[in-house]
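Step one of this worksheet: look at the structure below.
Number of protein chains: 2
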Amino acid sequence: MSTTSTKQFMTTEQLLEHWQGHRNLTRRTLEAFPEKELFDFSIAGMRSFSKMIVELISIAGPSLKSIVENSIEKYDESSFNPTTKVEILKKWDEETLVINDYFKQISEERFQETFNLFGEFEFPIYENILYFIDNEIHHRAQGFIYLRALGIQPPFFWERF
Amino acid sequence: MSTTSTKQFMTTEQLLEHWQGHRNLTRRTLEAFPEKELFDFSIAGMRSFSKMIVELISIAGPSLKSIVENSIEKYDESSFNPTTKVEILKKWDEETLVINDYFKQISEERFQETFNLFGEFEFPIYENILYFIDNEIHHRAQGFIYLRALGIQPPFFWERF
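Heads up: the sequence lines are chains A and B, in that order. Residues 1 to 161 in the working numbering are what the first sequence spells out, letter by letter. Residues 162 to 322 in the working numbering are what the second sequence spells out, letter by letter.
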């Protein structure tokens, strides 16, 4: 490979910090929802914000565990069925530690290796991880509109820590 | 620095490809809007999708130019005032080339250097660039809800090229 094709954009530690900054913002978005509307408010027939959060929780930690252990597991969101905001926040914080723990076990070389995530998404590991973050930003933005439609000011997009 | 603190997450070329993949998806989102609603549809008092796109166009290319030329310019979206979708699409495609051109002129070392973007956002260059992408994902997700509220199926989130 030429030198230009191996120039580093950022380190793995910087990516993890960037991700956890996003996760802090998503946590604040979650906190801003009124209890009832977190579970039942919707626009245009979309899912409730709690359902979107359950998706995020079902992707991040389980995927990293699967990558580190090199074991392909099917996507499954059926094991977490929260009915209160406090339950979701607790799980969110537990997953922060799970993510930090497993992420740090991925070697530099492995980020470039292909992994068949959930037996469905066969991409380099760095691309799968970028997808988790992008998907979180995407759904959180939908949460921002739900909040605005409920007359609630969302947190500031640029505040992360 | 220890070896763990310099482990590479991805190369600059991978980041650029990732970004242009997102820009393709944003372009398809733009194309999916009906002409009139692109400029005047809104939910919860938010901006039209055309205004959000003008913001994205006013950030990406101009920022990279500013970084490469090491010249701090104020943020300015007043110079581009499109009134048709075709005008926005044309500008979007022009900016794709601008982004590719300037991005490739940023050296590996510079991504870690601080730059005072628009004279307002003093962060490492890699963080500023991640912000451009995150901000695009965020506003495009709002465009997705606008489309759904208009009864239009948005493009698939995972389709990029």
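Every residue gets a Cβ at the ideal spot worked out from N, C-alpha and C, and that includes glycine. Here the structure is a predicted model, which means the values were calculated and not measured.
{"Check": "Contacts around Thr164(B), its chain only, beta-carbon distance under 8 Å, and the 5 residues preceding and following it disregarded", "Outcome": "Because Thr164(B) carries a pLDDT of 43, less than 50, the predicted location of this residue cannot be relied on, and no value is offered for it."}
{"Check": "Alpha-carbon to alpha-carbon, Tyr146(A) and Ile152(A)", "Outcome": "9 Å"}
{"Check": "Alpha-carbon spacing of Phe293(B) relative to Asn100(A), whole angstroms", "Outcome": "25 Å"}
{"Check": "CA-to-CA distance, His22(A) to Gln266(B), given in whole angstroms", "Outcome": "28 Å"}
{"Check": "Rounded straight-line distance, which links the Cα of Leu25(A) to that of Thr84(A)", "Outcome": "19 Å"}
{"Check": "Selection from Ile125(A), Phe123(A) and Ser50(A) that minimises the alpha carbon distance to Leu89(A)", "Outcome": "Ser50(A)"}
{"Check": "Collapsed DSSP secondary structure at Pro155(A) in the structure displayed", "Outcome": "coil"}
{"Check": "Leu30(A), buried or exposed, once every other Cβ within 10 Å from all chains shown has been counted against 16", "Outcome": "buried"}
{"Check": "Rounded straight-line distance, which links the Cα of Glu234(B) to that of Arg321(B)", "Outcome": "31 Å"}
{"Check": "Cα-Cα separation between Trp92(A) and Val247(B), rounded to whole angstroms", "Outcome": "43 Å"}
{"Check": "Span separating the alpha-carbon of Asp40(A) from that of Ser48(A)", "Outcome": "6 Å"}
{"Check": "Nearest to Ile125(A) (by Cα), restricted to the options Glu13(A), Arg110(A) and Glu55(A)", "Outcome": "Arg110(A)"}
{"Check": "Three-state secondary structure (DSSP) of Thr245(B)", "Outcome": "coil"}
{"Check": "Per-residue burial, Asn296(B) [other beta carbons within 10 Å of its own, 16 or more giving buried]", "Outcome": "buried"}
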